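There are 2 protein chains.
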Amino acid sequence: MKLNEAKAQFISSWGAFGTHWGINRTMAQIHALLLISPDPITQDEIMEQLSISRGNVNMNTRELIGWGLVERVLIPGERKEFFSAEKDIWKVSTQIIKERKKRELDPMLKLLAQLEKIEGDKKDKNVKQFVDTVAGIRKFGGQADKVLDVMVKADENWVLGSLLKFFK
Amino acid sequence: MKLNEAKAQFISSWGAFGTHWGINRTMAQIHALLLISPDPITQDEIMEQLSISRGNVNMNTRELIGWGLVERVLIPGERKEFFSAEKDIWKVSTQIIKERKKRELDPMLKLLAQLEKIEGDKKDKNVKQFVDTVAGIRKFGGQADKVLDVMVKADENWVLGSLLKFFK
DNA sequence: AAATATTTTCAATAAATTTTGAAAATTCAA
DNA sequence: TTGAATTTTCAAAATTTATTGAAAATATTT
């Protein structure tokens with residue numbers, strides 16, 4: 001297989017993969033393209049390589065920057081802006097985990113805490129099942145929250161860092 | 169807060185939550201409804217509670233069954249079919265992990281293994297970055313795969329099971 | 001076997017999401 | 001300050017995905 005064919009396949013399947021994770025196809029494809037580009041590239045290059053419009057590139061690169069996965073790079077002497085992606089997959093993963101935790105898990109746990117305080121007869125099986133389910137999810141979510149925190153903070157902690165290096 | 173209000177909130181936000189995880193809104197809502205229903209319920213009850221069509225209920229319950237999260241229950245003397253969801257959140261999670269691993273992670277790792285075998289000059293920085301990126305993702309994914317396997321198999325293994333019980 | 005209840009299918013429709021592209025805003029150089 | 005290059009915005013269009021509902025299929029009862 002030649003590089004160009006392999007690139008196309010990688011970008012395409014990374015895009016499809018992204019859609020299963022609540023990320024839109026194009027955003028994932030731009031990310032893929034940046035991941036395999038040795039040097040920073042411009043909006044125009046992204047447009048050309050992926051055959052998408054300028055507006056589309058602009059919105060999705062901004063979104064990727066918001067996720068902390070991509071950064072703008074200013075190259076001295078160049079008028080255009082360049083984009084570059086974090087290449088260390090461990091960092092990419094912890095960054096995604098951190099963001100999703102903040103955007104999804106934390107608000108969900110907050111809501112569940114509210115819902116658990118429902119008024120009603122605990123002997124009513126409907127009330128009981130509701131409270132049990134909510135409590136169960138909350139407890140589980142709380143644990144997941146802690147585990148993810150450990151992962152995210154691993155790089156800032158020497159002991160954990162050394163431990164987790166086995167997995168890198 | 170009253171039970172009905174809390175139920176509505178739970179179902180609604182569980183649905184929204186699901187969309188971030190590649191699950192469609194209605195499927196997640198049906199799942200939520202079943203999670204808080206003490207007894208198995210029929211298609212008609214789901215239709216009524218969520219105000220959705222029969223066809224929609226039918227397709228999404230089938231999908232939930234395919235994910236191993238819901239089962240058909242036959243109640244003696246009843247003509248209609250009833251549906252019931254697994255309530256143990258640990259089991260629900262491992263089941264979802266198992267399915268997603270099978271549907272997404274495994275095929276991705278397989279593809280990456282292919283892409284790593286690209287032909288080309290390793291001194292070309294484009295080739296090098298491509299191979300490095302693919303190898304990095306593959307290595308990371310392989311580790312994730314192992315970790316997830318451990319989680320999924322925990323219930324079948326006494327030592328691990330006891331260990332993980334702390335998290336339940 | 002016929003009548004009835006229930007479930008399933010799927011083409012048509014509706015809704016949600018993504019993408020475009022051109023105008024507006026911004027940045028930079030002369 | 002002007003003009004050219006570049007980026008950003010966002011309403012409209014295109015695309016994708018989800019939902020409906022009625023007809024077909026299946027299952028159950030009499």
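Residue numbers (my numbering), protein chains in the order written: chain B, 1 to 168; chain D, 169 to 336.
Each residue gets a CB set at the ideal place from its N, CA and C atoms; glycine is no exception.
Only a predicted model underlies this, so the values are computations on that prediction, with no experimental measurement involved.
Worksheet item: Do you know offhand how far Leu242 of chain D's Cα is from Phe250 of chain D's?
Response: The count along the second sequence starts at 1 and reaches residue 242 of chain D at position 74. The count along the second sequence starts at 1 and reaches residue 250 of chain D at position 82. Phe250 of chain D has its alpha-carbon roughly 6 Å from the corresponding atom of Leu242 of chain D.
Discussion item. Please classify Val147 of chain B as buried or exposed, where buried requires at least 16 other C-beta atoms within 10 Å of its C-beta.
Written reply: Working through the first sequence from its first residue, we reach residue 147 of chain B at position 147. Counting C-beta atoms within 10 angstroms of its own C-beta, Val147 of chain B has fewer than 16 neighbours from the protein chains shown and is therefore classed as exposed.
Discussion item. List, in chain order, every chain B residue whose beta-carbon is nearer than 8 Å to that of Ser304 of chain D.
Written reply: Stepping through the second sequence from its first residue, residue 304 of chain D is reached at position 136. In the sequence on display, residue 304 of chain D carries Gly and not Ser. Those within 8 Å of Gly304 of chain D in chain B are Lys87, Asp88, Ile89.
Practice prompt. To the nearest angstrom, report how far apart Ile257 of chain D and Ala200 of chain D are at their CA atoms.
Written response: On the second sequence, position 89 is the one that residue 257 of chain D refers to. On the second sequence, position 32 is the one that residue 200 of chain D refers to. Ile257 of chain D and Ala200 of chain D have their C-alpha atoms some 12 Å from each other.
Worksheet item: Looking at the C-beta of Lys293 of chain D, does it have a partner C-beta in chain B at a distance below 7 Å?
Response: Along the second sequence, read from residue 1 onward, the residue named residue 293 of chain D stands at position 125. By this cut-off, Lys293 of chain D is an interface position.
Discussion item. Can you list, in chain order, the residues of its chain with a C-beta nearer than 8 Å to that of Arg306 of chain D? Leave out the 5 residues immediately preceding and following it.
Written reply: Numbered from 1 along the second sequence, position 138 holds the residue referred to as residue 306 of chain D. Excluding sequence neighbours, Arg306 of chain D sits near Leu277, Leu280, Ala281, Glu284.
Practice prompt. Reducing DSSP to helix, strand and coil, say where Ser181 of chain D ends up.
Written response: Numbered from its first residue, the second sequence carries residue 181 of chain D at position 13. DSSP places Ser181 of chain D in the helix class (H, G or I) of the three-state scheme.
Discussion item. Taking the straight line between their C-alpha atoms, what separation do you get for Trp189 of chain D and Gly22 of chain B?
Written reply: Numbered from 1 along the second sequence, position 21 holds the residue referred to as residue 189 of chain D. Numbered from 1 along the first sequence, position 22 holds the residue referred to as residue 22 of chain B. Approximately 6 Å between the Cα atoms of the pair.
Discussion item. On the DSSP letters alone, give me the boundaries of the alpha helix (DSSP H) that Ser93 of chain B sits inside.
Written reply: Numbered from 1 along the first sequence, position 93 holds the residue referred to as residue 93 of chain B. First-last of the alpha helix (DSSP H) with Ser93 of chain B: 89 to 100.
Fill in: Entirely enclosed alpha helix (DSSP H) segments - the segment 179 to 242 of chain D, minimum 4 residues
Here the runs fully enclosed are 193 to 203, 211 to 218, 222 to 234.
Worksheet item: Would Val92 of chain B be called buried (16 or more neighbouring beta carbons within 10 Å of its own) or exposed?
Response: Here residue 92 of chain B refers to the residue found at position 92 when the first sequence is read from its first residue. Buried is the call here.
Discussion item. Given this structure, state the Cα-to-Cα distance separating Lys336 of chain D from Val131 of chain B, to the nearest angstrom.
Written reply: As a position in the second sequence, residue 336 of chain D is number 168, starting the count at 1. As a position in the first sequence, residue 131 of chain B is number 131, starting the count at 1. With a pLDDT of 48 at Lys336 of chain D, under the threshold of 50, the modelled position of that residue is not reliable, and no figure is offered here.
Discussion item. Taking the alpha carbon of Arg230 of chain D as the reference point, which residue from D:Ser252, D:Arg247, D:Asp313, D:Gln311 has its own alpha carbon closest?
Written reply: One-based indexing of the second sequence puts residue 230 of chain D at position 62. Residue D:Ser252 holds the alpha-carbon nearest to the alpha-carbon of Arg230 of chain D among D:Ser252, D:Arg247, D:Asp313, D:Gln311.
Discussion item. Spatial neighbours of Lys7 of chain B within its chain, please: C-beta separation below 7 Å, excluding the five flanking residues on both sides.
Written reply: In the first sequence, residue 7 of chain B corresponds to position 7, counting from 1. Result list for Lys7 of chain B: Ile36, in chain order.
Item to complete: Tell me whether Gly66 of chain B is buried or exposed, calling it buried when 16 or more other Cβ atoms sit within 10 Å of its Cβ.
Response: Numbered from its first residue, the first sequence carries residue 66 of chain B at position 66. That one is exposed.
Worksheet entry | Nearest-angstrom beta carbon gap, Glu272 of chain D and Phe10 of chain B [assumed within contact, 8 Å] | Counted from its first residue, the first sequence places residue 10 of chain B at position 10. Counted from its first residue, the second sequence places residue 272 of chain D at position 104. Wrong, their Cβ atoms sit about 15 Å apart, outside the cutoff.
Discussion item. Tell me the rounded alpha-carbon separation between Ala144 of chain B and Lys101 of chain B.
Written reply: For this step, residue 144 of chain B is matched to residue 144 along the first sequence. For this step, residue 101 of chain B is matched to residue 101 along the first sequence. Straight-line measurement puts the Cα of Lys101 of chain B at about 10 Å from the Cα of Ala144 of chain B.
Item to complete: Ignore the nearest five residues each way along the sequence and tell me which others in Gly141 of chain B's own chain have a CB closer than 6 Å to its CB.
Response: As a working note, residue 141 of chain B is residue 141 in the first sequence. Excluding residues within five positions, the ones whose Cβ falls inside 6 Å are Leu109.
Discussion item. Going by DSSP, what residue range makes up the alpha helix (DSSP H) through Lys314 of chain D?
Written reply: In the second sequence, the residue the question calls residue 314 of chain D occupies position 146. Taken as a continuous stretch (DSSP letters only), the alpha helix (DSSP H) holding Lys314 of chain D covers 293 to 321.
Practice prompt. Taking Pro40 of chain B as the query, report the chain D residues whose CB atoms sit under 7 Å from its CB, ordered along the chain.
Written response: Translated into the one-based positions of the first sequence, residue 40 of chain B becomes position 40. Correct list: empty, because the minimum Cβ distance to chain D is about 12 Å.
Practice prompt. Spell out the partners DSSP gives Ala85 of chain B in its beta bridges.
Written response: Here the question's residue 85 of chain B lines up with position 85 in the first sequence. Note: Ala85 of chain B sits in a beta bridge opposite B:Val70.
Worksheet item: Using the beta-carbon of each residue, which ones in chain D are nearer than 7 Å to Thr61 of chain B?
Response: As a first step, residue 61 of chain B must be located in the first sequence, where it is residue number 61. Residues of chain D passing the Cβ test: none, with the nearest at roughly 18 Å.
Worksheet entry | 7 Å Cβ cutoff, Leu277 of chain D in contact with chain B | Along the second sequence, read from residue 1 onward, the residue named residue 277 of chain D stands at position 109. Judged by the 7 Å Cβ criterion, Leu277 of chain D is not in contact with chain B.
Discussion item. Check for me: the alpha helix (DSSP H) holding Leu115 of chain B runs from which residue to which?
Written reply: As a position in the first sequence, residue 115 of chain B is number 115, starting the count at 1. Taken as a continuous stretch (DSSP letters only), the alpha helix (DSSP H) holding Leu115 of chain B covers 106 to 116.
Item to complete: Please name the residues in the segment 9 to 20 of chain B whose beta-carbon is closer than 8 Å to at least one beta-carbon of chain D, in chain order.
Response: So the list reads Gln9, Phe10, Ser13, Phe17, Thr19, His20, given in the order they occur along the chain.
Discussion item. Just verifying my parser: in three-state terms, what is the DSSP assignment at Lys80 of chain B?
Written reply: Here residue 80 of chain B refers to the residue found at position 80 when the first sequence is read from its first residue. Here Lys80 of chain B sits in coil by DSSP.
Worksheet item: Grouping DSSP H, G and I as helix and E and B as strand, with all else coil, what is Lys168 of chain B?
Response: In the first sequence, counting from the first residue as 1, residue 168 of chain B sits at position 168. Confidence in Lys168 of chain B is poor, its pLDDT being 48 and thus under 50, which makes the residue's placement unreliable; the coordinate value appears in the next sentence. Three-state DSSP puts Lys168 of chain B in coil, outside helix and strand.
Discussion item. Counting C-beta neighbours from all protein chains within 10 Å, is the total for Met1 of chain B 16 or more, i.e. buried, or is it exposed?
Written reply: The residue labelled residue 1 of chain B in the question sits at position 1 within the first sequence. With fewer than 16 other Cβ atoms within 10 Å, it is exposed.
Item to complete: Consult DSSP for Lys175 of chain D and reduce its assignment to one of helix, strand or coil.
Response: As a working mapping, residue 175 of chain D is identified with position 7 in the second sequence. Reduced to three states, the DSSP call for Lys175 of chain D is helix.
Worksheet item: Residues of chain B with CB under 9 Å from Ser219 of chain D, in chain order?
Response: Translated into positions along the second sequence, residue 219 of chain D becomes position 51. Within 9 Å Cβ-Cβ: nothing; Ser219 of chain D doesn't reach chain B, min ~19 Å.
Discussion item. Quick check: what's the CA-CA separation for Asn24 of chain B versus Gly245 of chain D?
Written reply: Stepping through the first sequence from its first residue, residue 24 of chain B is reached at position 24. Stepping through the second sequence from its first residue, residue 245 of chain D is reached at position 77. C-alpha separation (whole angstroms): 48 Å.
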